[in-house]
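A.B. asks: Numbering-wise (my numbering), the sequence shown opens with residue 440 and increments by one.
Please find one structure pasted underneath; my questions will follow.
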Amino acid sequence: MITLNFKGKDKEYKFDYASFFRANKIFSTKNPENGTSNNDGAGSIWVSLVTGDDSAIFNAVSSLLPAKATEDEVVETINKYDGDISEDLKEELQESAFFKKAAKRWMKFTDLFVEGKEAKTENDKMELKVMKNTLEEVKKSLS
């Protein structure tokens, strides 16, 4: 569990099913063909924390706090945290079977995409290299 100060009160939070559901609801990408959710928000939080994405901490904390938490409340909660919030969030994610499964799902689909991708341009080659590096980082984080 991770202790966060939300609205002036310290409370224990964990990446449970409620936060998994909230992450997928808030942060999932949409299928461009039909607009339905790809249910990849939890996996993207894992990936973004592992790769050091700047939005990772905000998104992870948003998924832990109550759904009614405003952006300002999320930022205030992050600012009040005493410690390395990024590392502590990663450790807490490791304890969550829901988020771990989401990261594995993300890895599986990304791996399939990378295998089938042909790098025709320099931009394609760079994109493919970044994706492969990200896959390696996620694999390490899951072991």
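The C-beta atom is built at its ideal place from N, Cα and C for all residues, glycine as well.
These numbers come from a predicted model, not from an experiment.
Which term fits L532, buried or exposed, when burial requires 16 or more other beta carbons within 10 angstroms of its beta carbon?
C.D. replies: It counts as buried.
A.B. asks: Could you give the DSSP three-state label for K564: helix, strand or coil?
C.D. replies: Correct three-state label for K564: helix.
A.B. asks: Leaving out the 5 sequence neighbours to the left and right, which residues in its chain are closer than 7 angstroms to L488 when beta-carbon positions are compared?
C.D. replies: The answer, listed in chain order, is A495, A499, S525, L528, K529, L532.
A.B. asks: Which word fits I465, buried or exposed, when buried means at least 16 other C-beta atoms lie within 10 angstroms of its C-beta?
C.D. replies: Exposed, since its Cβ has fewer than 16 Cβ neighbours within 10 Å.
A.B. asks: Classify E565: buried if its beta carbon has 16 or more other beta carbons within 10 angstroms, exposed otherwise.
C.D. replies: According to the sequence shown, residue 565 is Met rather than Glu. By the 10 Å Cβ count, M565 comes out exposed.
A.B. asks: Going straight from the alpha carbon of T442 to that of N477, what length do you get?
C.D. replies: When rounded, the distance between both Cα atoms is 30 angstroms.
A.B. asks: Give a yes or no on whether the C-beta atoms belonging to S535 and F445 are separated by under 8 angstroms.
C.D. replies: Going by C-beta atoms, S535 is not nearer than 8 angstroms to F445.
A.B. asks: Does any residue of chain C have a CB that is nearer than 8 angstroms to the CB of Y520?
C.D. replies: Chain labels in this structure do not include chain C; a single protein chain is all it has.
A.B. asks: Going along the chain, which unbroken runs of the alpha helix (DSSP H) with 4 or more residues stay wholly within the region 473-547?
C.D. replies: Here the runs fully enclosed are 480-490, 495-503, 510-519, 524-533.
A.B. asks: Let me make sure I understand the geometry here. Which of S582, E561, K556, T560 has the alpha-carbon closest to that of K571?
C.D. replies: Ranking the options by Cα distance to K571, first place goes to K556.
A.B. asks: What does DSSP give as the partner residue(s) for I441 in the beta ladder?
C.D. replies: According to DSSP, I441 bridges with Y452.
A.B. asks: Which class does K469 belong to by DSSP, given the choice of helix, strand or coil?
C.D. replies: Three-state DSSP puts K469 in a strand.
A.B. asks: Can you grab the Cα-Cα spacing for the pair T516 / S467, in whole Å?
C.D. replies: Looking at the two C-alpha atoms, the distance is approximately 23 angstroms.
A.B. asks: Let me know the secondary structure DSSP gives S580 once reduced to three states.
C.D. replies: Here S580 sits in helix by DSSP.
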